[in-house]
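Following: one structure in structure tokens, then a few remarks.
Chains as they are written, first to last, in the working numbering: chain X, 1 to 273; chain U, 1001 to 1273.
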């Protein structure tokens, strides 16, 4: 087991965010400490040489070649960065060659092709605006437009999940709180009834919920374990009665919760459940 | 140039979101139509066999083996999926082997190691809550806590960028509108003055702005090209006078805008500018 910090460069002609996310998940497999340095928008020979200089400086400073993930479409820029004093892991070329063979066509070597889809962009912005306007039951208008309506008690993760679904998938994700009045009536909030088929529930462990609520309102009845247990039991009874699918969010990341929601509601088979 | 739709599977023991993003950007290099199917949470032999069945069915149905990106940590599951009738692109093993050699240590083969960092998770949720509470100048409280304050005129992209910075990087990103009253006074909103060092401006082309505003308020003075030009010129003059860095968002994705903001404000060198 090494305790030395290893420097990791991510060199991309775009933002490098996807490559950085990938690098973080694969390096989480190693018991070592990594420091990530992202070098985005490397779209000219000058910038490629600058990246090489940074990598070589890090190699000298730490006495060991940095790990370098590259996603460079342009072969010239790729060749420049490929000569840096680092362990080069070429995410682009590694997969382009077998893809060219499998598809029987050549890649276009065009940078940033993904970003010019303005319809998808507009869709995404609209979804974010929709989710913001329909956060925490703020508005009952246009719920018919929602792709999904997340329900759950307070502090269960509805807001981040809605925003993530909007941001990543352009989904109009509303969210609606379940409150003690709903439990007393023993019924879903009436505005939601027509949309039962697109409701998804978020649940959480009582201990974790009490912890989270105590951070916000220390010592309140709202945060008491006993009250958290009551709300959770009532919410669970309602989900079951109304046949609403649900997921326990306690130890899940926002991405995991969002993926589980998608698996449950998607009918167009872009995801397998 | 092929016009046949090719099926692309992303098989992952986690959410598969990173692999899906990567697959989309690399396939954007090919002039073909792709349909992505994500198969998340493949963490047992049964689920691996189910994935193989889906891949093989698609191969039969379309008469051509699908493209299959895999990120499976477990060698047994990887071997099962590796036998599917597809063009297997193993994102995990391809890079783990050279990394093991470079680092001189073995990978742990543990699934989902990344998600158990609860501090990072808490930080991220707090940042989202902060950014929501400080959206569109809603609150002047705790601006001292902000990692960045985005400023700009209406509909320039402040809200999605703030939320993205919070979601992806756990940054407390406030945003504040610049309005005609600020231009008449010729000064930054006074609540922002103490924080000038962490302000970043978003700008946009007048034509595009007019288009966006017309979608929201058709035919309004607010949306008129002339008015958009006025607001943009005034905002630009203010940025220059106050030495505030800025970026034009017109044809940029949220990720590109966020990356540019980070390059400008980051002092801890996790990103190179």
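From the three backbone atoms N, C-alpha and C, an ideal C-beta is built for every residue, glycine too.
So the alpha helix (DSSP H) residue i belongs to, where does it begin and stop?
| i | result |
| --- | --- |
| residue 1050 of chain U | 1045 to 1062 |
| residue 1182 of chain U | 1180 to 1185 |
| residue 1041 of chain U | First-last for residue 1041 of chain U: undefined, no H or E at that position. |
| residue 31 of chain X | Premise fails: residue 31 of chain X is in no alpha helix (DSSP H) and is neither H nor E. |
| residue 1264 of chain U | 1254 to 1265 |
Sorted by chain position, which residues of the same chain lie with C-beta nearer than 6 Å to residue i's C-beta, five sequence neighbours on each side aside?
| i | result |
| --- | --- |
| residue 1047 of chain U | none |
| residue 38 of chain X | 10, 16, 20 |
| residue 1193 of chain U | none |
| residue 51 of chain X | 11, 39, 42, 81 |
| residue 262 of chain X | 271 |
| residue 151 of chain X | 176, 178, 199, 201 |
| residue 1204 of chain U | 1156, 1249, 1250 |
| residue 1077 of chain U | 1048 |
Helix, strand or coil for residue i? Go by DSSP, reduced to three states.
| i | result |
| --- | --- |
| residue 156 of chain X | coil |
| residue 1001 of chain U | The pLDDT assigned to residue 1001 of chain U is 41, lower than 50, so where the model puts this residue is not dependable; a value taken from the coordinates is nonetheless given after this. If DSSP states are grouped into helix, strand and coil, residue 1001 of chain U belongs with coil. |
| residue 175 of chain X | strand |
| residue 151 of chain X | strand |
| residue 1096 of chain U | helix |
| residue 72 of chain X | coil |
| residue 1162 of chain U | helix |
| residue 1007 of chain U | strand |
| residue 102 of chain X | helix |
| residue 1108 of chain U | coil |
| residue 170 of chain X | coil |
| residue 1120 of chain U | helix |
| residue 84 of chain X | coil |
Excluding the 5 residues flanking residue i on each side, which residues of the same chain have their C-beta closer than 7 Å to its C-beta?
| i | result |
| --- | --- |
| residue 85 of chain X | 55, 56, 59, 65 |
| residue 1227 of chain U | 1221 |
| residue 62 of chain X | 7 |
| residue 1260 of chain U | 1247 |
| residue 212 of chain X | 155 |
| residue 1208 of chain U | 1250 |
| residue 127 of chain X | 166, 170, 171, 172 |
| residue 1223 of chain U | 1210, 1213, 1214, 1217 |
| residue 103 of chain X | none |
Per DSSP, what are the beta-bridge partners of residue i in this structure?
| i | result |
| --- | --- |
| residue 135 of chain X | Partner(s): none; residue 135 of chain X has no beta bridge. |
| residue 1012 of chain U | U/1071 |
| residue 271 of chain X | U/1038 |
How far does the beta strand (DSSP E) with residue i in it reach, from first residue to last?
| i | result |
| --- | --- |
| residue 22 of chain X | Careful: residue 22 of chain X lies outside any beta strand (DSSP E), inside the alpha helix (DSSP H) at 17 to 27. |
| residue 1143 of chain U | Neither: residue 1143 of chain U is in no beta strand (DSSP E) and is coded neither H nor E. |
| residue 89 of chain X | 87 to 90 |
Under 8 Å Cβ to Cβ from residue i, same chain only, skipping five residues before and after it: list those, please.
| i | result |
| --- | --- |
| residue 87 of chain X | 65, 66, 67, 68 |
| residue 1140 of chain U | 1191 |
| residue 1146 of chain U | 1130, 1134, 1172, 1173, 1174, 1195, 1198 |
| residue 1109 of chain U | 1073, 1074, 1075 |
Discussion item. Which runs of the beta strand (DSSP E) at least 3 residues long sit entirely within the segment 189 to 252 of chain X? Give them in chain order.
Written reply: 199 to 203, 246 to 248
Item to complete: Closer than 8 Å, Cβ to Cβ, to anything on chain C: give me those residues from the segment 6 to 24 of chain X, in chain order.
Response: The structure shown contains no chain C; its protein chains are X and U.
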